[in-house]
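Number of protein chains: 2
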Amino acid sequence: MKRLTLKDVAKLAGVAPSTVSFVLNGKGKQMRIRDEVAARIMQVAEKSGYEPHRMAVNLRTGQSKTLGLIVESISGSFFASLAKTIETEAERRGYNVVYCSTENNAQKGGELIRMLGRQMVDGYLITPAPGMEKEIQQLVNQHKPLVLMDSYFPSIKTPYVLINNFDGVQQGMKHLIGRGLTKIAFVMVDVKLIQIEERLRGYVTALKDHKIPVKKKYILQLQYHRQREDSLRELQDFLESNPELDAIFFSTNYLGILGLEVIARMGLKMPEDLAVVCFDDHDIFRLYPPGISVIEQPIEGIAKTAIDLLMHQLDKNNGPMKKQAIELPGKFILRGSA
Amino acid sequence: MKRLTLKDVAKLAGVAPSTVSFVLNGKGKQMRIRDEVAARIMQVAEKSGYEPHRMAVNLRTGQSKTLGLIVESISGSFFASLAKTIETEAERRGYNVVYCSTENNAQKGGELIRMLGRQMVDGYLITPAPGMEKEIQQLVNQHKPLVLMDSYFPSIKTPYVLINNFDGVQQGMKHLIGRGLTKIAFVMVDVKLIQIEERLRGYVTALKDHKIPVKKKYILQLQYHRQREDSLRELQDFLESNPELDAIFFSTNYLGILGLEVIARMGLKMPEDLAVVCFDDHDIFRLYPPGISVIEQPIEGIAKTAIDLLMHQLDKNNGPMKKQAIELPGKFILRGSA
DNA sequence: AACCTGTGCTAAATCGATTTTTCAAATGAA
DNA sequence: TTCATTTGAAAAATCGATTTAGCACAGGTT
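Dropping the structure here:
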């Protein structure tokens, strides 16, 4: 009941192991194996249900056919969807994926990368968190195949793919402004990430484009590492001290969900009392009455593009490197809240 | 800049490769390596940053130190949390996890198991879906280490761990009945899974225990493979044709979410018009006003217990097998909806 | 002196594949 | 006929570890 090995197949087919290997790897012609013999080998391999021993192949070829996917939180819906698509796409190409989540812990990011290194993944797909810059730079230095998603470090020259944050916010803002709203707040976190800055830029630019004054007091920066309750309170204070606001733009879905809670506590009606738009969709936003309008991320597109970029790096016979920075458009989804 | 091998370390330390291997694997004493030599080897290995080549180790030892986790849907919150805890626990024990999701596709389940087999996972953690019975039986026949979670097949003798479904429903029902409600509906799916049956049994028993008649028309079985809209309609028809209902118990969170949508459409108020309890928590239930009361699954407990059971099987020197069937208590969480 | 017995380590086999090298037989050229 | 080539496949090296078998030497016995 033991595993069938290449040698066994060779014996069954009455040839040498190397011959079997050549045929099964499509190098039969090249190695001048007679079609007749090749056919016999194929048949034997087929009906004996032979499967090559992954580890042996890996050891010999130096390729693990495994990709490392590092995301912030595996239970977040954005990352979960991303992971799903990536897994599917990778499988299509004969790769598996091992996931790891940093759980927003910068330190853990480094460990993870090292851990994956030990495991010999052939390439990395990473949604970078603030503290991971050094480790990522190291990977680049070692010429490891690598693609960043969702964010990137301007200082590191590596391919990345993400939503066009600037344009996404613009879409949402245009809708709000188009409805005649002008007193629009913008809520963001204080982590210094490029995508957050881009979203802020989108907000500011949209206002300026429509000759609406940008008021600093309408921009709320919440601290990231903070008790949930504290954030709720700060958000509520913000809304109460700016009662004239007629719309609010949440720059992440995490913030949007906090927002919903505060809005419910304060008994505000959407969109009459306050119109709401949030960046990045979430299950809750579909269901929560009256439905929260969002900028939807092109998650599938991001995943597929990222895999493409990574595969391109993995191909030994790679031509000139593809475009490094890819921004995919987001999609504004209108629901009841705005 | 090449990878450091065992041989390199041996050369650096001035000993044979085997000696290095013994020392690094803690078999120095057993193999009578002098402490002095052992110390030197340790030091060299340490400061050279040597990491054994995983694939080589795997090939030689036959152990991949990898577990296969097969869940229904990686983006579901129950499964995502489960995956997270399992990953953490596995890592603590020196194992990695490769995930796969069947996405509720019975056929895919079989393929996945085979795929993992090819990859040589040392053991399986599976949340079984209806169509996977045959494949799981095969794994058992091949004596593969295996633990089922969340559900199980009565016909297959293998360890499993899940919430006590019967008791969980009882807790929720007791609360409803305690509030004086008697006309309680029960919504379930028609897939033939043991946990669904147990939940139904809990519903029926709770009613009987309190001498409340069990009416068949209060039990709704929705078909699983169905358009979302169709299910919504059927659910709405059900509620409209039983206007006297004062409470409803959803047997899964998927159903509960559908329920929320219907209840919102019909303009019903929770809990005045209809009290709602749902089995299995979800982010939405915390946030959706007035908060949905749920039976919370002991996800961490399930994950940890499952890993324990699996590790026990993986230990060659296993004593008598631990208890096979483990049921962990769920927890009723009271929110505004009931 | 010849014979065991530990001690402390090294040499070699092994895991299961891929890949390079080798080699006999068939064919072709001179 | 003889030497060079080509054909078709087997043999052997290799990947990087683990593990079994073995070997030299010191010390103790009879």
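Protein chains in written order, with this note's numbering: chain A, 21 to 358; chain B, 21 to 358.
Glycine included, C-beta positions come from ideal geometry on N, C-alpha and C.
Note the first and the last residue of the continuous beta strand (DSSP E) segment covering residue i.
i	result
B/F299	295-299
A/Q157	Segment 153-161 is the alpha helix (DSSP H) holding A/Q157; no beta strand (DSSP E) there.
A/K351	351-353
B/T86	86-91
B/Q241	239-242
A/V209	204-209
A/V282	Careful: A/V282 lies outside any beta strand (DSSP E), inside the alpha helix (DSSP H) at 273-286.
A/E347	345-348
A/E111	Here A/E111 belongs to no beta strand (DSSP E); instead the alpha helix (DSSP H) covers 97-112.
A/N116	116-121
A/S313	313-316
B/F270	267-270
B/I146	143-146
Cβ closer than 7 Å: which chain A residues qualify as neighbours of residue i?
i	result
B/E281	L307
Quick one: does residue i have its CB under 7 Å from some CB of chain B?
i	result
A/I304	yes
A/V296	no
Are residue i and residue j close, meaning C-beta to C-beta below 7 Å?
i	j	result
B/E264	B/K203	yes
A/I214	A/I146	no
B/V167	B/L330	yes
A/M208	A/I216	yes
B/E316	B/K351	yes
A/E218	A/N262	no
A/I322	A/V211	no
B/S121	B/S101	no
A/A358	A/V297	yes
B/A33	B/R54	no
A/N78	B/M75	yes
Mind pulling the chain A residues with CB within less than 9 Å of residue i?
i	result
B/I277	D303, L307
B/S84	R74, M75
Can you pull the chain B neighbours of residue i, defined as C-beta to C-beta under 7 Å?
i	result
A/A284	P309
Do we get a CB-CB distance below 7 Å when we pair residue i with the residues of chain A?
i	result
B/A149	no
B/A100	yes
Give the range of the alpha helix (DSSP H) segment to which residue i is assigned.
i	result
B/G198	185-198
A/E66	55-68
A/L168	Counting along the chain, A/L168 falls outside any alpha helix (DSSP H), though it belongs to the beta strand (DSSP E) covering 166-169.
A/I322	319-334
A/G222	214-229
A/T39	37-44
B/T25	From DSSP, B/T25 is part of no alpha helix (DSSP H); its letter is neither H nor E.
A/E260	248-261
A/M75	74-81
B/R306	303-307
Closer than 6 Å to a non-hydrogen atom of the ligand FMN - does that hold for the CB of residue i?
i	result
B/I268	The ligand FMN is absent from the structure shown, which contains no ligand whatsoever.
Cβ-based contacts, 7 Å cut-off: residues of the stretch 48-78 of chain B near chain A: Only E71, R74, M75, A76, N78 from the stretch 48-78 of chain B bring a Cβ to less than 7 Å from some Cβ of chain A.
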